[in-house]
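The opening residue of the sequence shown carries number 171 in our numbering; numbering runs sequentially from there.
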Amino acid sequence: MLVAAGAAHAQQASAAAAPSFPAPEVGSVAPDFALPGATRYGLLRDPVHLSDYRGKTVVLAFFYRARTKG
Numbered sequence: 171m172l173v174a175a176g177a178a179h180a181q182q183a184s185a186a187a188a189p190s191f192p193a194p195e196v197g198s199v200a201p202d203f204a205l206p207g208a209t210r211y212g213l214l215r216d217p218v219h220l221s222d223y224r225g226k227t228v229v230l231a232f233f234y235r236a237r238t239k240g
C-alpha cells in the first residue's frame, strides 16, 4: 500500500503539469530518455540513457531528497 500511496501522491503533484507527449501503451517500447546516474560512490559523470539497457529489465528508483542537504 505504501507504493500505491506514493504513486497517488506523485500523480496529484504532477496533475497540473501535463506531459507534452502521450504516455506509452502497456507492452510498447518506452521512449528513450537520459537521467543523471548515481552509484553508492557518487554521481556518474555522464547521463544514463534508457536505450543503453534495451532488452534488459530496468528498475527506476527515485529517492526523495537523496544526496541533498534537505
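For every residue, glycine included, the Cβ atom is placed at its ideal position computed from N, Cα and C.
Short Cβ contact (8 Å threshold) for residue i with residue j
i, j, result
"Leu230", "Phe203", "no"
Nearest-angstrom Cα separation, counted from residue j out to residue i
i, j, result
"Tyr234", "Val199", "27 Å"
"Thr209", "Gly197", "29 Å"
"Arg224", "Pro194", "16 Å"
"Ser190", "Leu205", "18 Å"
"Pro217", "Val228", "16 Å"
"Pro201", "Arg215", "23 Å"
"Tyr211", "Lys239", "17 Å"
"Phe232", "Leu213", "14 Å"
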